Structure formats: C-alpha cells, structure tokens
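First comes the structure, then the notes that go with it.
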Amino acid sequence: MALREDQILRYSRQILLREVGGRGQEALLAVPARVDATGASGMTAAAYLAGSGTPVAGLGALTLGPWAPGFLVPAEAVGRPAVEALAEAVPQFNPDAVGSTRGGGLVAELPSGWSGDAPWVALGGDGMRAAVVFRSADGCVWCFGETVRHLVQPPDGALGVALGALGALVFQRLRLGLGPALGGRWLAAPGVVEEMEVRKCARCAGSPGPSRP
1 MALREDQILR
11 YSRQILLREV
21 GGRGQEALLA
31 VPARVDATGA
41 SGMTAAAYLA
51 GSGTPVAGLG
61 ALTLGPWAPG
71 FLVPAEAVGR
81 PAVEALAEAV
91 PQFNPDAVGS
101 TRGGGLVAEL
111 PSGWSGDAPW
121 VALGGDGMRA
131 AVVFRSADGC
141 VWCFGETVRH
151 LVQPPDGALG
161 VALGALGALV
171 FQRLRLGLGP
181 ALGGRWLAAP
191 GVVEEMEVRK
201 CARCAGSPGP
211 SRP
C-alpha cells in the first residue's frame, strides 16, 4: 500500500525515523489494533495508536470510566460503552485509523482475556507501579499469561496516561518487528521505566529464555 501525499505529510515525523521509514509507516497503516479498555491507560494508548495511523477498534461491553477522557474521548463519553465511544471518536481524530475487530493485535487493560493475532500488549500494575507486558507472534503464550496473571488493573491519573503512551510505543515496535518477542516494563513514575522479569511457564522454565537483540 503506497502512501498518499497527504499521508506522507501527516506522518512525516515518523517516516523520518530510521526504525520506521516509509515501509514501516505503511505497515502501521495496514493492520488494526483491537483495544479492550475503559480507563486512562487504554484510551491514551488508543489515541497514540490512532495518531500514528494504526487502525483502532474497540472491544468488550464495559462502559468508560471517569479517567477515560483525555486525548481521544471527551468528558461526556463517561458512562457510554467504550466500543461506541471509540467508533465515534477515532474517525474524527484520524480518518486513516478507522479499524476492524478482525485481525491485528490486541492492547488491553487488565483484567482481560487474550485471543487472536499478536502482538499482545497488556496494561496493568501491582498497586504501586504501572506495568506493560508484551509478546509478538514468536513469544510464548504461556509465559505471557503467567506474567500477566500476577498483575492487577492499571492505575489512573498521570501514571495511567504515561502507561498508555508506553503501551502504544511497545505495540508499534512489535508491529515493526523491533525488540524482543516477549517482555515487560515497570513504570514507577512518568518517565521512569524499569525492566520487568518475565515469569516462565513450566515448559520454558528449564530452557534458555528468548534471545534479546
């Protein structure tokens, strides 16, 4: 899919990045992200993904919480189904980002179910820190699940917003084939990122972990 002239102008800052370029931008535009979220982290991730040109579609039946308004949805959207609010907001934010719930990856606030195509990006926390756990199609599903099940729902407020921005960046890197196939990061405060040790499943516990670039 060749970029149109208006798209080259819109995404020029990303295209100039060596890790993205024109081919990478085409890849970001081509495959949707399903977003299962109702709070600050998920809605922020949706906004950053849509801004980058990644098609975004909502999942789930829950309604938006009081921390959801921000970059993408207005205050009056609180209490509305997240799927409806995203379907209304995304085309106005970026027409390129109108997505489908079929295919693509998944960005979800915990607790959530996990299915469908990778990449998967989980947004959660441990009660004090925010956390993002991720896997590409090459990452172990069971190690991902073992790590995610020890986390709780993500924080709201400024830390939740920062987590959403980090989650969107991680998703984009996975879509571009960058970074490890499986991993996690702690966000102790906005801008303070620490590596998370991924918990191994029974099958992987006795084997070497995934190689890191």
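Numbering-wise, full-length UniProt numbering puts 169 at position 169 of the sequence shown, and it's gapless, one number per residue.
Virtual Cβ for every residue (Gly too), placed ideally from N, Cα, C.
Since we're looking at a predicted model, the values are computed, not measured.
Residue pairing of G58 in beta bridges, as defined by DSSP: V35. DSSP places A47 in the uninterrupted alpha helix (DSSP H) bounded by A40 to G51. Listed as beta-bridge partners of W120 by DSSP are L106 and R135. Ranked by Cα distance from V133, the first of L110, G42, G184 and P66 is G184. Put simply, of P111, L151, V107 and A181 the residue whose alpha carbon is nearest the alpha carbon of G127 is L151.
Comparing alpha-carbon positions, the option among G124, E5 and A188 lying closest to G22 turns out to be E5. Here R34 is near G104, since their CB atoms are less than 8 Å apart.
Under the 10 Å beta carbon count, E197 is surrounded by fewer than 16 other beta carbons and is classified as exposed.
In terms of CA proximity to A130, A165 leads the group A165, D117 and T101.
Annotation: the continuous beta strand (DSSP E) that includes R185 extends over L182 to A189. Burial check for D96: the Cβ neighbour count within 10 Å reaches 16 or more, so the residue is buried.
Taking 8 Å as the cut-off, the Cβ atoms of C201 and W142 count as close.
Non-local beta-carbon contacts of L62 in its own chain, meaning distances under 8 Å to residues more than five positions away in sequence, involve T38, P81 and A82 in chain order. The three-state secondary structure of G21, taken from DSSP, is helix.
Membership of E194 in the beta strand (DSSP E) is indicated by the continuous run V192 to E195. Leaving aside the five residues that flank A181 on each side, the residues in its chain whose CB is nearer than 6 Å to its CB run, in chain order, S136, D138, G139 and P210. Under the Cβ criterion (8 Å, minimum of three pairs), the stretch 10-22 does not count as touching the stretch 56-75.
Among the bridge pairs identified by DSSP, P81 is matched with T63. Between L64 and A50, the beta carbon gap of about 16 Å keeps them out of contact (Cβ cut-off 8 Å). Judged by their CB atoms, M43 and A75 are not nearer to each other than the 8 Å cut-off.
Spatial neighbours of A158 in its own chain (CB-CB distance under 8 Å, excluding positions within 5 residues in sequence) are listed in chain order as P190.
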